[in-house]
Amino acid sequence: MSEHGHSHGANASTRQLTLALGLTGTFLVVEVFYAFISGSLALLSDAGHMLTDVMALALSLFAIRIGQRAADRRRTFGYRRAEILAAAVNAGALFAIGMYILFEAYRRLREPVEIQSTTMLTVAVLGLIVNVISARILVGGSQGSLNVKSAYLEVVSDLLGSVAVIVGALLIRFTGLTWIDPVLGALIGLWVLPRTWTLLRASVNVLLEGVPEGLDLDVLRGDLAALPDVTEVHDLHVWSVTSGEHNLTAHLVTNTPGPDLLARVHEVAERHGIEHSTVQLEPPGAHAGHEGHLHP
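Numbered by full-length UniProt numbering, the letters in the sequence shown go through residues 1 to 296 in order.
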């Protein structure tokens with residue numbers, strides 16, 4: 001029953017993400033095209049923001065599909081790390097786009113260009129409509145899937161970018177102040193860059209097998225050392241295979257391990273959000289003479 005329900009949930013999420021990705025991706029191409037036609041940097045910057053939505057939708061869809069592939073003899077953890085590789089590449093590309101937007105905004109403030117405000121306004125309104133439709137598609141699945149929820153929040157946040165471009169187009173149309181466009185483009189770019197940097201930093205941390213964000217290694221070590229019969233904890237490693245999937249390995253020194261010690265270790269790990277833990281129990285002095293190969 002559980003597997004049957006999970007399968008239907010995954011299929012529903014896949015359909016929702018595929019539909020939203022197709023809608024948003026198609027409009028992204030349209031927005032980039034008309035950004036160059038209208039000369040609007042704000043529209044191009046909003047397209048960069050929409051690109052983050054497309055990447056988020058694609059990664060969420062990719063995570064669901066790749067997660068269904070079983071581990072094999074060559075990849076014992078399966079193919080879930082591919083999601084992080086894709087996220088790192090996408091974040092790097094988006095960060096470069098954000099920097100280009102800021103440079104172009106500076107150039108246009110020094111050398112203003114003509115802006116077709118009508119085209120800018122029309123495309124921005126269409127973008128707002130696309131975002132509303134995508135949000136409506138995803139809202140149903142956002143309660144039962146973290147992937148869909150993440151993509152839903154990305155789309156909702158892009159609504160603000162579309163509204164900003166609409167306001168900018170109206171101001172340019174009625175005031176003729178073309179400097180509004182590069183300033184607006186720079187503001188949207190500055191809005192996207194911190195989110196992109198956060199994604200890039202988190203992705204690199206996973207690839208370097210760093211301690212998962214939000215997990216205090218010292219507290220975890222203390223909780224393990226406080227277990228009955230445990231006298232020392234060493235070779236403690238915690239890392240993520242992919243987002244939200246943490247692993248632990250550790251050596252515990254103990255004189256007379258109780259029958260429920262391993263169960264207690266797994267309880268401690270689960271309290272720290274670690275799903276999979278591997279523990280080696282050692283008598284005192286078992287690692288003597290090998291300090292050079294050990295990790296604190």
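Heads up, the beta-carbon is just placed ideally off N, CA and C, and yes, glycines get one too. On a predicted model such as this, the values are computed, not experimentally measured, just so you know.
TYR152 is positioned such that its CB atom lies closer than 8 Å to that of LEU138. Judged by DSSP secondary structure, HIS266 falls within the alpha helix (DSSP H) whose first and last residues are 261–271. LEU184 is classed as buried because its beta carbon has at least 16 other beta carbons within 10 Å across all chains shown.
Taking 8 Å as the cut-off, the beta carbon of VAL253 is found no closer than this to the beta carbon of GLU209. Our two residues, GLY273 and HIS246, have alpha carbons roughly 7 Å apart in a direct line.
Annotated as proximal: ALA250 and ASP235, with beta-carbon spacing under 8 Å. For GLU31, the three-state secondary structure derived from DSSP is helix. Residue pairing for SER240: DSSP places it in a beta bridge opposite HIS246. Under the DSSP definition of a beta bridge, VAL253 partners with GLU232, GLU282. When only Cα atoms are considered, PRO112 and LEU177 end up about 10 Å apart.
For SER134, the three-state secondary structure derived from DSSP is helix. With contacts defined by Cβ atoms closer than 8 Å, VAL32 and ALA42 do not form a contacting pair.
Take the alpha-carbon of VAL265 and the one of ARG108: they are about 60 Å apart. Just so you know, the alpha carbons of PRO284 and ARG65 end up roughly 46 Å apart.
Closest by C-alpha distance to VAL89, out of GLY258, PRO259, THR231, LEU199, is LEU199. For SER40, the secondary structure class from DSSP, reduced to helix, strand or coil, is coil.
Going by beta carbons, THR24 and VAL54 fall inside the 8 Å limit. Relative to the Cα of SER45, the nearest Cα in the group SER243, VAL192, SER203, LEU59 belongs to VAL192.
Its chain contains GLN116, THR119 as the residues whose beta carbon lies nearer than 8 Å to that of ILE37, once the 5 sequence neighbours on both sides are disregarded; these appear in chain order. Note that the C-beta distance between VAL167 and ALA135 is not below 8 Å.
In terms of Cβ geometry, THR231 and ASN255 form a close pair [threshold 8 Å]. According to DSSP, HIS276 shares a beta bridge with ASN247. About 6 Å separates the Cβ atoms of ARG80 and VAL241, confirming a contact at the 8 Å cut-off. In this structure, GLY189 lies near ILE101, with their beta-carbon atoms less than 8 Å apart.
Residue environment for MET99: exposed (fewer than 16 other C-beta atoms within 10 angstroms of its C-beta).
Residue burial is scored here from C-beta neighbours: GLN16 has at least 16 other C-beta atoms within 10 angstroms and is therefore classed as buried. For PHE77, no alpha helix (DSSP H) segment is defined, and its DSSP state is neither H nor E.
If you ignore the 5 residues before and after GLY258, its C-beta comes within less than 7 Å of the C-beta of PRO228, ASP229, all in its own chain and listed in chain order. A residue is called buried once 16 or more other Cβ atoms fall within 10 Å of its Cβ, and LEU85, having fewer, is exposed. A residue is called buried once 16 or more other Cβ atoms fall within 10 Å of its Cβ, and ASP158 is buried on that count. Between the beta-carbon of ALA20 and that of LEU57 there is about 6 Å, and that keeps the pair under the 8 Å contact cut.
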